[in-house]
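Protein chains in written order, with this note's numbering: chain A, 48 to 440; chain B, 2 to 164.
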C-alpha cells in the first residue's frame with residue numbers, strides 16, 4: 048500500500064506567507080445571525096443598469112460567446128481611448144496601450160508581476176485595498192508600507208513617502224479615491240509625489256477604480272501629470288462606476304512595453320476577459336453616463352446622510368471625498384477596531400469592517416460602506432449610537 | 002441647473018413625502034434653505050403637484066383604465082388647446098397628451114367598469130364637434146406607472162461582507 052500524504056507540504060512558501068484575511072471571521076459570524084444591517088459591503092447596492100444587462104443578454108442570444116483578442120475587444124479599447132481623451136486629454140493608443148482584464152484584481156496582479164523582480168521593494172500606501180501586499184509577495188517582491196494619516200485627510204504626502212524609498216524601490220502602488228478611507232489626492236500633493244517618483248526613477252501602479260465616484264473636486268489621474276504617462280500604469284474598471292462587480296471587468300492603460308508585458312502574462316493566465324462583460328462595458332461607455340451620474344448623485348446624498356449621522360452620535364470622521372466609504376475614528380472608545388467591529392456585530396447586528404484589515408494605519412477606525420439603502424444606513428447609525436452609549440456606561 | 006436643486010428635485014420625485022430635514026441630511030444644506038428652495042420651486046411651477054401612486058386592485062377597487070386615441074379637426078382660429086381643455090375637465094380623464102403621428106390626442110380614462118368607460122367615450126368624447134374618430138384600448142395590466150414598477154419579483158442577495 049502506498050503511504051498517506053500530507054498535501055500541505057506542497058504549498059509554496061510565498062502563499063503561506065500571505066497574511067490571513069481580516070474579514071474571514073466576519074463571514075462566519077454573520078451567517079447564522081438574523082436582522083443584520085450591513086455596512087460591510089465593498090460593492091454598489093445598485094443592479095447593473097438595465098441597458099447594459101440588456102446588451103449582454105442580446106449578445107448571448109446572438110451567440111457571442113467566443114474568445115476575444117488577448118488585449119480585449121477592439122471596439123472596447125477604442126471607446127476607452129475616446130473616453131479618456133474626452134475626460135482628461137489623455138491619449139492612449141487602443142492597439143498597444145490598453146489591456147482589458149478580468150476585473151482590476153487581475154490587472155493589479157499582472158501589473159505587479161510585469162515589473163517586479165525577486166527582492167524588489169514595492170511601496171504600498173495604507174490604509175488601502177487588501178490585495179496590494181499579497182500581490183507583491185506572490186510576485187517575489189518585498190512590500191514596504193507607507194501610512195497615511197487622519198491629520199492629512201488620509202492623502203499621501205511626499206514627506207511620508209520619502210523615507211520609505213531605498214535603492215531597491217521599484218514601484219509604488221497608489222489607490223485614490225481610496226478604499227477604505229474615501230480620501231482623494233489634490234493635484235499639488237500629487238505633483239510632489241511625481242517629483243519624488245522621477246528623482247528616484249520609480250514606476251507607479253495607480254488603482255483608480257473609484258475614479259467616477261469623486262464628490263468634491265475632480266479626479267486627477269496620476270498618468271495625466273506632466274511626464275507621468277509612461278511611468279504609470281492606470282488600473283481601472285467597470286465594477287464601481289457602472290455597478291458591474293460580478294461581471295468582472297477591468298482594464299490597464301500604460302506604455303506599450305508595460306501593457307505588452309502584462310499581456311504576456313494575461314494571455315496564459317486568463318487568455319481574455321469574458322466577452323459578455325466586454326460587450327456590456329462597450330454599452331456602458333457609449334450610453335451609460337446618465338445612469339452612472341444618477342448613481343453617483345445618490346451615493347453623494349448617502350455620504351452626506353451618513354456623515355451627519357456619525358456626527359449626531361459623536362463619531363469623528365474625516366469627510367470622505369470619493370469612493371463609497373466613511374472611515375470614522377473609534378479609538379476613543381478604548382476598543383481596538385476588531386473588538387469594536389466584532390462586538391458591534393454580536394451585540395447590535397451591524398456589520399462594519401475593522402480599519403486594521405486595510406493595514407496597521409487603519410487601526411482605530413472602521414470602514415462603513417454607504418453603498419446601502421438609506422433605511423439600512425439609518426438603522427445602522429441608530430444601533431451604533433446605542434452601542435456607543437452602552438460603552439460609555 | 003444648480004446641483005443642489007437637482008438633488009432636491011430627484012429626492013422629491015422619488016419620495017414626495019421627504020421632509021426638509023430629511024433632504025437637508027442628504028444634501029448638507031440647512032433645513033431652512035431646503036424649505037426656501039422648495040417654496041420657490043413650487044411658486045415658479047417647477048414642482049407642479051405632490052401625489053401618491055396607488056395600487057387600487059389591492060383594496061378591491063377594480064378600476065378599469067383605457068387609452069383613447071383621438072383624431073380631431075381643428076376649427077378656424079383654434080388650436081389643440083381648446084379641445085384639450087374641453088376634454089381634461091372631465092374627472093374621468095386622467096391624462097391628455099398631444100402626439101405626433103397617426104392620431105392627434107391620447108387620453109387615459111378611468112372608470113368603474115368597461116361599460117362605464119365605453120359609455121363615457123361614446124357620450125362625452127366622441128360627440129364633441131372637433132372629434133373625428135376615437136379608438137379605445139382597455140388596459141389589461143399596468144407593469145410600471147410613472148417610473149414605479151408595481152410588482153417587482155426579484156431581490157438580489159449580496160455578500161454581507163466584502164472588501
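Even glycine gets a Cβ: it sits at the ideal position worked out from N, Cα and C.
Item to check | Coarse secondary structure for residue 183 of chain A, derived from DSSP in three states | outcome: helix
Checklist entry - Which residues, in order along the stretch 15 to 32 of chain B, keep a beta-carbon less than 8 Å from a beta-carbon of chain A? => result 26, 27, 28, 29
Checklist entry - Within this structure, are the beta carbons of residue 147 of chain A and residue 185 of chain A separated by less than 8 Å? => result no
Next on the checklist: On the DSSP letters alone, give me the boundaries of the beta strand (DSSP E) that residue 315 of chain A sits inside.
Outcome noted: It is not in any beta strand (DSSP E) - residue 315 of chain A instead sits in the alpha helix (DSSP H) that spans 303 to 316.
Next on the checklist: Count Cβ pairs between the stretch 105 to 125 of chain A and the stretch 270 to 282 of chain A that sit closer than 8 Å; are there 3 or more?
Outcome noted: no
Checklist entry - Near residue 371 of chain A, which residues of its chain fall below 7 Å by C-beta distance, leaving aside the five closest residues on each side in sequence? => result 260, 346, 416, 417, 418
Next on the checklist: Using only the alpha-carbon positions, how far apart do residue 290 of chain A and residue 110 of chain B sit?
Outcome noted: 39 Å
Checklist entry - Three or more beta-carbon pairs under 8 Å between the stretch 307 to 316 of chain A and the stretch 333 to 351 of chain A, yes or no? => result no
Checklist entry - Across which residues does DSSP place residue 416 of chain A in a beta bridge pair? => result A:372
Item to check | CA-to-CA distance, residue 51 of chain B to residue 331 of chain A, given in whole angstroms | outcome: 33 Å
Checklist entry - Using DSSP with H/G/I as helix, E/B as strand and the rest coil, what is residue 215 of chain A? => result coil
Checklist entry - Around the C-beta of residue 157 of chain B, are 16 or more other C-beta atoms found within 10 angstroms, so that it is buried, or is it exposed? => result exposed
Next on the checklist: Let me check understanding here. Comparing Cα to Cα, which of A:262, A:430, A:397, A:155 lies closest to residue 229 of chain A?
Outcome noted: A:262
Item to check | Straight-line Cα distance separating residue 32 of chain B from residue 437 of chain A | outcome: 31 Å
Next on the checklist: Between the stretch 248 to 255 of chain A and the stretch 276 to 291 of chain A, can you find at least three pairs of beta-carbon atoms closer than 8 Å?
Outcome noted: yes
Item to check | Sequence-distant residues of the same chain with beta carbon closer than 7 Å to residue 378 of chain A, five excluded per side | outcome: 411
Item to check | Interface flag, residue 6 of chain B vs chain C, CB-CB below 8 Å | outcome: Absent from the structure: chain C. Protein chains present are A and B.
Checklist entry - Going by alpha carbons, who is nearest to residue 204 of chain A out of A:193, A:213, A:214? => result A:193
Checklist entry - Does the distance from the CB of residue 162 of chain B to the CB of residue 117 of chain B come in under 8 Å? => result no
Checklist entry - What is the residue span of the beta strand (DSSP E) that residue 138 of chain B lies within? => result 132 to 139
Checklist entry - Can you name, in chain order, every residue of its own chain whose Cβ lies under 8 Å from the Cβ of residue 159 of chain B, other than the five neighbours on each side? => result none
Item to check | beta-carbon residue 267 of chain A near the ligand MN non-hydrogen atom, thresh 7 Å | outcome: Absent from the structure shown: the ligand MN. Ligands present: none.
Checklist entry - How long is the line joining the alpha carbons of residue 171 of chain A and residue 342 of chain A, rounded to whole angstroms? => result 30 Å
Checklist entry - Span of the beta strand (DSSP E) holding residue 325 of chain A? => result Per DSSP, residue 325 of chain A belongs to no beta strand (DSSP E); it is in the alpha helix (DSSP H), 322 to 334.
Next on the checklist: Is there a C-beta anywhere in chain A that falls below 8 Å from the one on residue 120 of chain B?
Outcome noted: no
Item to check | Chain-ordered neighbours of residue 146 of chain B on chain A, where CB pairs are closer than 7 Å | outcome: Those do not exist, as residue 146 of chain B stays about 17 Å from chain A at its closest Cβ, beyond 7 Å.
Checklist entry - Looking only at its own chain, which residues have a Cβ that is under 6 Å from the Cβ of residue 223 of chain A, when we skip the five neighbours before and after it? => result 231, 232
Checklist entry - So which of B:38, B:57, B:132 has the shortest CA-CA distance to residue 2 of chain B? => result B:38
Checklist entry - What do you get for residue 59 of chain A, buried or exposed, if any count of 16 or more other CB atoms within 10 angstroms of its CB means buried? => result exposed
Checklist entry - Would you call the stretch 388 to 403 of chain A and the stretch 150 to 170 of chain A in contact, with 3 or more CB pairs under 8 Å? => result no
Checklist entry - Going straight from the alpha carbon of residue 248 of chain A to that of residue 298 of chain A, what length do you get? => result 25 Å
Item to check | Nonlocal neighbours in the same chain, by C-beta distance under 7 Å from residue 1 of chain B, ignoring five residues either side | outcome: Outside the shown range of chain B, which is 2 to 164, sits residue 1 of chain B, and nothing can be said about it.
Checklist entry - Rounded to whole angstroms, how far is the Cβ of residue 140 of chain B from the Cβ of residue 67 of chain B, which I believe are closer than 8 Å? => result 6 Å
Checklist entry - Any contact of the stretch 319 to 326 of chain A with the stretch 138 to 145 of chain A, i.e. 3+ C-beta pairs under 8 Å? => result no
Checklist entry - According to DSSP, what are the bridge partners of residue 300 of chain A? => result A:145, A:281
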